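Novice: Got a structure for you, written out below as structure tokens; questions coming shortly.
There are 2 protein chains.
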Amino acid sequence: MNMELSGRAKPTPEKAQRAPSKDSMGHAAVEIGLNAAIVAVLDNEPVALVVRDTADSVGATDGLPFGPFSPRDHRTLEGGLRTWVRDQTGLELGYAEQLYTFGDRGRHVDPGDMAPPIVSIGYLALTQAGDGRGVSNGSWRTWYHYFPWEDWRRGRPDIIGNDIEPRLKAWAESAKPTNGPQPLIARADRIRMCFGFDGATWDEEKVLERYELLYEAGLVDEALRDGRSSAKVWGDHPRLGLPMKFDHRRILATAINRTRAKIKYRPVVFELMPDDFTLYELQKTVEAILGPHLHKQNFRRLVEGAGLVEPTGEMKTRTGGRPAKLFRFRREVLLERPAPGVRVSAPPSSRN
Amino acid sequence: MNMELSGRAKPTPEKAQRAPSKDSMGHAAVEIGLNAAIVAVLDNEPVALVVRDTADSVGATDGLPFGPFSPRDHRTLEGGLRTWVRDQTGLELGYAEQLYTFGDRGRHVDPGDMAPPIVSIGYLALTQAGDGRGVSNGSWRTWYHYFPWEDWRRGRPDIIGNDIEPRLKAWAESAKPTNGPQPLIARADRIRMCFGFDGATWDEEKVLERYELLYEAGLVDEALRDGRSSAKVWGDHPRLGLPMKFDHRRILATAINRTRAKIKYRPVVFELMPDDFTLYELQKTVEAILGPHLHKQNFRRLVEGAGLVEPTGEMKTRTGGRPAKLFRFRREVLLERPAPGVRVSAPPSSRN
DNA sequence: GTTTAATATGCTCCAAACGAGCATAAAAGG
DNA sequence: CCTTTTATGCTCGTTTGGAGCATATTAAAC
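Protein chains in written order, with the working numbering: chain A, 3 to 354; chain B, 3 to 354.
Right, dumping it as structure tokens:
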């Protein structure tokens, strides 16, 4: 079949010195999976679009919309992604950006017998919840289902103190007496920085680091599934968040991470908002993503002062109180400032 | 040949609903190229390691070290990259991070007849110039050879006003009278924001955006090579920077972009420094990367105050003046602050 | 030896950004 | 009328960081 592909894959190394030559056996071609973490905010709840595989033998496992990249059908990677998402969920993507390309062997194992792609490229897409009404397949789920420890909206989540802290610290202890080559940063220190133990501050931008640490410690189901040795040691505690197919939870962690970081220096919140909105609605959306540490008056001053929004002239009534002014995103800000965003920083009181 | 690869590539779609199925014809497997932008600072000059293809038919074209990813040989993408770099240049990589995965059709055309990979993953590696002594193949070249407009160390480069500005503006004009669907941001505005024309400020972090704009306008050789139509229109002006193989210049632009951004919030400068260094040497290195807008006293205060360095107790003589204290990177800062870096911001006077 | 150049180092001043709090007005909606 | 919620203005006080002044210390040039 795909002759031109195979032909293309064949190198002609005589031209390049020390040419990147293929190993003696065959082609280096691999299958590439395109994966979309599609994020919206629905009733002040940050949600991702997941496709649940009900026919799965092990039970229902959520996954992200995905599909293989096929260069003969897709002119670009992002184009391929949009096609897959449209086919699988009926959703037409708006804003999308590439996150990361994962290629670790053994981090893709499927609970069923479906062969996973070897390399997966993760994308982040932001959309309005209203656009999601057209979703024909899949459902919106809070991302905190998969990352309960990231949800600080009602204070520090109990799961951190009750489950994560003791188990991670036990894991750190178990690695102590090794007197071979020490890692650059000790496990105990990584744990402390990631989860804000022992007086360290909680950094909401370390989403991926935290997930990777839990994976490494064998505390998330995917680690067990992928056959990490240490997984069994820690007995049968409650599972830490819902697992996902393949490496999709890792991709979602990357997506949350990127969203939290980018919202501060690029006006990406507005991808999640309807055209007209109240300043308080905007604040609630930002808080849904970052955690609720915003001072109302200062938020107004910041957002209006930065020229991010402009009043539409309309009012929104039925707010339960005084009607609120409606605003819209002020596009021209992109032509004025190099890095406009909702520049909120964590308050000094956010230390656990 | 690669039976197990082909077998793997075959999906078993019966399990997943709306399964990501392959198109009827053949496999979706593609060849993946791993590309390294290896950066160092040599005599206050930011350099990248390039491999020159002297046997090329069109003439000598520089390229980055690269090679295909082969999952049978490489357990991880980064592992594969390190192998290729070692094989091609003899250099053992230290710090490395993934940049981006490019997969646009038609942006890889080779000047010779060597088939380029369809998808290329770019990496950024930072190393000390001293480590480069072991380089057996390839050479260090200023990255400003490829991006002369990025070199603001002696003020605003002439090439911007003499060549880039008039040609870009002509390109913007040429697209004016179209009254179809307008792009979200007009060409003229993109140009203004990217290059700081008409009173806009120069943002040193827009390296990739600038290169992409020049490519789109057909002003860099790669655009002509890839068969972009508009390329010929603009006559035979001097070329804007040296071209590179495949999409390597785009990858290098991404690398410079990332380096400039990351140096401000992560202590990555120290990957470029020897173990012991003078504060002034550190400043010169930062300036080589960002451009020279640093106040000496404030730089000292910033760096020392942030706890990024500690004195070794030694002095460096033969500085041309009073001997300078030697410092070393203070690793513990990673355990104290969530985002330590050389937090320099452009002075308000940097508007062109 | 003296001068000069280059660096090292400490200190002050000032403006902008921003976190935090207080107070009050305005407009529903029961 | 009372509650709720938003809108709005103002004040502190702290931190950050840009900019400049002054002086000490040494190597190298003369």
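Where is the CB? At the ideal position from N, CA and C, for every residue including glycine. Source: prediction; values computed, not measured.
Chain A partners of B/ALA177, CB-CB under 8 Å?
Specialist: Within 8 Å Cβ-Cβ: nothing; B/ALA177 doesn't reach chain A, min ~17 Å.
Novice: Tell me the residue span of the alpha helix (DSSP H) that contains B/LEU328.
Specialist: Judged by DSSP secondary structure, B/LEU328 falls outside any alpha helix (DSSP H) and instead within the beta strand (DSSP E) spanning 326-331.
Novice: DSSP three-state label for A/LEU284, please.
Specialist: helix
Novice: Please state if the CB of B/VAL53 and the CB of B/GLY35 are separated by a distance shorter than 8 Å.
Specialist: no
Novice: Identify every residue that forms a DSSP beta bridge with B/ASP249.
Specialist: According to DSSP, which records beta bridges pairwise, B/ASP249 is partnered with nothing at all.
Novice: Between A/ALA39 and A/ILE253, how many whole angstroms is the CB-CB distance? I'm expecting something under 8 Å.
Specialist: 6 Å
Novice: Quick one, which residues of the segment 29-51 of chain B are near chain A if we go by CB-CB under 9 Å, in chain order?
Specialist: HIS29, ALA30, ALA31, VAL32, GLU33, ILE34, GLY35 and LEU36
Novice: Are the beta-carbon atoms belonging to B/TRP142 and B/ALA42 less than 8 Å from one another?
Specialist: yes
Novice: Could you spell out the range, first to last residue, of the beta strand (DSSP E) harbouring A/ALA127?
Specialist: 121-128
Novice: Please name the residue in B/ARG251, B/GLN285 and B/ASN164 whose C-alpha comes closest to that of B/LEU51.
Specialist: Ranking B/ARG251, B/GLN285 and B/ASN164 by Cα distance to B/LEU51 puts B/ARG251 first.
Novice: Based on the DSSP output, what are the partners of B/ASN64 in its beta bridges?
Specialist: As written in the sequence, residue 64 of chain B is Asp, which differs from the Asn given in the question. B/ARG54 and B/MET246.
Novice: Starting from B/GLN100 and walking both ways along the beta strand (DSSP E), at which residues does that stretch end?
Specialist: DSSP places B/GLN100 inside the beta strand (DSSP E), whose first and last residues are 97-104.
Novice: Sorted by chain position, which residues of the same chain lie with C-beta nearer than 6 Å to A/ASN259's C-beta, five sequence neighbours on each side aside?
Specialist: VAL209 and LEU210
Novice: Spell out the partners DSSP gives A/VAL311 in its beta bridges.
Specialist: A/PHE331
Novice: Note down, in chain order, all residues in the segment 93-110 of chain A with a beta-carbon under 7 Å from any beta-carbon belonging to chain B.
Specialist: The segment 93-110 of chain A vs chain B, Cβ under 7 Å: GLN100, TYR102, THR103, GLY105, ASP106 and ARG107.
Novice: Which residue spans inside the segment 139-177 of chain B form an unbroken beta strand (DSSP E) run of at least 3?
Specialist: 141-144
Novice: If we ignore side chains and look at the alpha-carbon of each, how far apart do B/GLY315 and B/LYS298 end up?
Specialist: 21 Å
Novice: Does B/VAL271 get closer than 8 Å to chain A when you measure Cβ to Cβ?
Specialist: no
Novice: Figure out for me which residue from B/GLU175, B/GLY229, B/ASN181 and B/GLY182 has the closest Cα to the Cα of B/ARG192.
Specialist: B/GLU175
Novice: Does any residue of chain B bring its CB to less than 8 Å from the CB of A/PHE71?
Specialist: yes
Novice: Please state the DSSP three-state secondary structure of A/LYS298.
Specialist: helix
Novice: If contact is defined by three or more beta carbon pairs under 8 Å, each pair taking one atom from either stretch, is the segment 279-289 of chain B in contact with the segment 318-335 of chain B?
Specialist: yes
Novice: Would you please state the rounded distance, in angstroms, between the beta carbons of B/ARG77 and A/ARG107? I believe it to be under 8 Å.
Specialist: Right, their Cβ atoms sit about 5 Å apart.
Novice: Quick one: list the residues of chain A neighbouring B/ARG77, beta-carbon separation under 8 Å, in chain order.
Specialist: ASP106 and ARG107
Novice: Which same chain residues end up closer than 8 Å to A/ASN139 when comparing Cβ atoms and leaving out the 5 residues on each side of it in sequence?
Specialist: VAL53, GLN90, THR91 and GLY92
Novice: Which runs of the alpha helix (DSSP H) at least 4 residues long sit entirely within the segment 204-235 of chain B? Give them in chain order.
Specialist: Residue ranges of uninterrupted alpha helix (DSSP H) with 4 or more members, entirely inside the segment 204-235 of chain B and ordered along the chain, are 209-218 and 223-227.
Novice: Along chain A, in chain order, which residues have C-beta atoms closer than 9 Å to that of B/LEU242?
Specialist: Chain-ordered listing is empty here: chain A has no CB closer than 9 Å to the CB of B/LEU242, the nearest sitting near 22 Å.
Novice: What would DSSP say about A/ASP25, mapped onto helix, strand or coil?
Specialist: Reliability of the predicted coordinates at A/ASP25 is poor, the pLDDT of 40 falling under 50, and the value obtained from them is presented with this limitation in mind. The three-state reading of DSSP puts A/ASP25 in coil, since its state is none of H, G, I, E or B.
Novice: Going along the segment 185-212 of chain B in order, which residues come within less than 7 Å of chain A, judged by CB to CB distance?
Specialist: ILE187, ASP191, MET195, THR203 and ASP205
Novice: Which residues of chain B have a Cβ atom closer than 9 Å to the Cβ of A/VAL137, listed in chain order?
Specialist: The contacting residues do not exist; A/VAL137 stays about 12 Å from chain B at best.
Novice: Just curious, the alpha helix (DSSP H) that A/GLY81 is in, first and last residue?
Specialist: It spans 79-91 - the alpha helix (DSSP H) in which A/GLY81 sits, taken as one unbroken run.
Novice: Taking only the alpha-carbon atoms, compute the straight-line gap between A/LYS24 and B/TRP86 and give it to the nearest angstrom.
Specialist: Residue confidence is low: A/LYS24 scores 44 on pLDDT, short of 50, so the model does not pin down where it sits. Its coordinate-derived value is still stated next. When rounded, the distance between both Cα atoms is 11 Å.
Novice: Are the C-beta atoms of B/VAL121 and some chain A residue less than 8 Å apart?
Specialist: yes
Novice: Taking 8 Å as the CB-CB cut-off, is A/LEU226 touching chain B?
Specialist: no
Novice: Buried or exposed for B/ARG109, going by 16 or more other Cβ atoms inside 10 Å?
Specialist: buried
Novice: Would you kindly work out how many angstroms separate the C-alpha atoms of B/GLU312 and A/ALA177, rounded to a whole number?
Specialist: 30 Å
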